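Each residue of the sequence shown is one higher than the last, beginning at 933 in the numbering used here. By construction, the Cβ of each residue, glycine as well, lies at the ideal position given by its N, Cα and C atoms. Since this is a predicted model, take the numbers as computed values, not measurements. Working notes, beginning with the structure itself.
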Amino acid sequence: MNRLWVIAYDIEDDATRRLVHDMLKDHGQRVQFSVFECWLDMDALQTLRERIREELGDGDRVRWYPLCHRCRQTVQWQGEGARAQDDGYYLV
933 MNRLWVIAYD IEDDATRRLV HDMLKDHGQR VQFSVFECWL DMDALQTLRE
983 RIREELGDGD RVRWYPLCHR CRQTVQWQGE GARAQDDGYY LV
């Protein structure tokens, strides 16, 4: 089951920051300069966290905020932006 995660990062090195950005871009949408909203199941979450952890330097920080169904419905923003889109579901 997928869950919406808000992932924020503060990374000092430009190359590492670009690498983390590209990893997160593959899993979700950027909503702020260093903030992504990603729909992840537990396997994808663990894999992504491990991949990012391997790249971080001593002064780097990444925060992971899970949003429950009710919480994600109350997300608010000002200025440009939109609510994160739910992943589509396919029945086979």
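In this structure, D946 is the residue among D946, W937, H959, C1003 with its C-alpha nearest to the C-alpha of E987.
Residue pairing from DSSP leaves R983 without any beta-bridge partner. Scanning P998, V1007, T1006, Q1008 for the CA closest to the CA of L936 turns up P998.
Listed in chain order, the beta strand (DSSP E) elements of length 3 or more contained wholly in the region 940-1007 are 960-964, 967-972, 993-999.
By the neighbour-count criterion, in which 16 or more other beta carbons inside 10 Å mark a residue as buried, C1000 falls on the exposed side. V938 sits close to E969, with the two beta carbons spaced by under 8 Å.
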